[in-house]
Amino acid sequence: MLLLAVAAGLCWACAVALLLSGDLRASDALFSPPRVLFYALVLCAGLLTFVPAQRLLRLPGLAFEGVAGTSLLFYTLAFVPPPTSWLLELPEMPVYLLFIAALFWSVSAIALPLVHSLGRRYFRQRARQFDLRRARRQAHEVGALMAAVAVLAALRLFTVFSLGLLVLILVVVELLFLSFVEAET
670 MLLLAVAAGL CWACAVALLL SGDLRASDAL FSPPRVLFYA LVLCAGLLTF VPAQRLLRLP
730 GLAFEGVAGT SLLFYTLAFV PPPTSWLLEL PEMPVYLLFI AALFWSVSAI ALPLVHSLGR
790 RYFRQRARQF DLRRARRQAH EVGALMAAVA VLAALRLFTV FSLGLLVLIL VVVELLFLSF
850 VEAET
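Quick note: the sequence shown, position 23, residue 692 per the working numbering, numbers continuous.
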């Protein structure tokens, strides 16, 4: 297990180093050697990170969501040209939507094991402890929070007050879900 964690960390570090080096856009060919190396590193890092977590925590779908979300996020960061104006300008909208979807998907996948583990530890009812729907919903709420922050930043409306309102809205929604929705085992 420690060897997998070290290998995953090395893959993530190499992928981030390639991303920050700026050599990926030098060639427009889809399968140029630096791009293929970047694709392989991101894919291996995602697999080495999310497959063991899925097997250890018994969370079906985590590996697919994690690998696909992080791959899309890294691909967007590496190869999609950054927007030059705000979100509601028509030529920039697809770039923002792709980035926001990738951010939502990857943050949700990263949050799922954490939310599931915290739920198993802090919920007193056994049905709530092992409720996969609750854990997935809460992880998607964390992903939606990050996506909403990105939307507010793209609209140039992000402030501490707006972040506080978003967090308050999500907490109230989650409390309503927990009070009305029965847990499934």
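All C-beta atoms, glycine included, are put in the ideal place defined by N, C-alpha and C.
* What did DSSP end up calling Ala-698 once you bin it into helix, strand or coil? -> In the three-state reduction of the DSSP assignment, Ala-698 falls in the coil class, being assigned neither a helical nor a strand state.
* To do: Could you spell out the range, first to last residue, of the alpha helix (DSSP H) harbouring Gly-812?
  => Where Gly-812 is concerned, the enclosing alpha helix (DSSP H) stretches over 801 to 823.
* Smallest Cα separation from Cys-683: which of Met-670, Ser-701, Ala-714? -> Distances from the CA of Cys-683 to each of Met-670, Ser-701, Ala-714 were compared; the closest alpha carbon is that of Ala-714.
* Asked: Excluding the five sequence neighbours on either side, which residues of its own chain have a C-beta within less than 6 Å of the C-beta of Leu-741, listed in chain order?
  -> Beyond the five residues adjoining it in sequence on each side, Leu-741 comes within less than 6 Å, by CB distance, of Ala-771 in the same chain, given in chain order.
* To do: Starting from the Cα of Ala-747, find the closest Cα among Pro-702, Arg-790, Tyr-708 and give me that residue.
  => With respect to the C-alpha of Ala-747, the residue from Pro-702, Arg-790, Tyr-708 having the closest C-alpha is Tyr-708.
* Could you say which of Gln-723, Thr-745, Leu-766, Tyr-744 lies nearest to Gly-735 if we only look at CA atoms? => Considering only alpha carbons, the answer is Gln-723.
* So what does DSSP say about Ser-690, is it helix, strand or coil? -> Of the three classes helix, strand and coil, the one that applies to Ser-690 here is helix, per DSSP.
* Cβ neighbours of Pro-703 in the same chain (closer than 6 Å, five flanking residues each side left out) -> Non-local C-beta neighbours of Pro-703 in its own chain, meaning closer than 6 Å and more than five positions away in sequence, comprise Asp-692, Leu-693, ordered along the chain.
* Asked: Which word fits Leu-673, buried or exposed, when buried means at least 16 other C-beta atoms lie within 10 angstroms of its C-beta?
  -> Classification for Leu-673: exposed.
* Compare the beta carbon distance of Ala-823 and Leu-839 with 9 Å and say whether it is the shorter of the two. => No, these two residues do not count as a Cβ contact at 9 Å.
* Where Gln-794 and Ser-786 are concerned, what is the direct C-alpha to C-alpha distance, given to the nearest angstrom? -> Going by the C-alpha atoms only, they are around 14 Å apart.
* Three or more C-beta pairs closer than 8 Å, one from the stretch 773 to 783 and one from the stretch 824 to 836: is that the case here? -> The stretch 773 to 783 vs the stretch 824 to 836: no contact.
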